[in-house]
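Worksheet: one structure, shown below.
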Amino acid sequence: MPHKGHCLCGATTITVNAEPEFNIICHCEDCRRTNGSAFSSQVLAPAASTTIEGSYKTFEVQVPSGLVVTRWFCSGCGSHLMHRSAFTGDNLCVQTGNVDEFTKLPIGMELFTKDRWPSIPPIPGAQQVETI
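Residue numbers (the UniProt record's numbering): 1 to 132.
Now the structure itself:
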């Protein structure tokens, strides 16, 4: 079943024709700054099964790990839609908050736990990855 989502203004839509199994929380500085929050939440979705429609911009940045991350944003409202790097391989990281069904998936992994805020405890049952 296709999972459909959209940005804050609704002008840019995402369709994922795959069944992600869990959410990934990332505590890295780049994700915190991009999302304006303590962490980001996303699912891995095969790039070949994911489409984006509407007006969007991309932004590339080299993160402290040395990887180049490409991020997609709505051109209108600026919502962060998804991102990709060599770490994700043939997958895209689709931001969970843009697709309602994905908010119901369990959190299965936390990345960059070395950068987790001290006031945020580890999520029970989630794989803990200190860095990549």
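Each residue gets a CB set at the ideal place from its N, CA and C atoms; glycine is no exception.
The segment 62 to 70 and the segment 96 to 109 do not touch, with fewer than 3 CB-CB distances between them shorter than 8 Å.
Per DSSP, reduced to three states, the secondary structure at residue 33 is helical. Per the C-alpha coordinates, the member of 97, 75, 68, 39 positioned closest to residue 86 is 68.
Within the same chain, 112, 115 come within 6 Å of residue 28 by CB-CB distance, once the 5 residues on both sides are set aside. Restricted to the UniProt domain "CENP-V/GFA" (3 to 118), the beta strand (DSSP E) segments that are unbroken, complete and at least 3 residues in length are 3 to 6, 13 to 16, 23 to 26, 40 to 46, 50 to 53, 56 to 62, 68 to 74, 80 to 84, 91 to 95, 107 to 111, listed in chain order.
By the beta-carbon neighbour count (other beta carbons within 10 angstroms, threshold 16), residue 121 is exposed.
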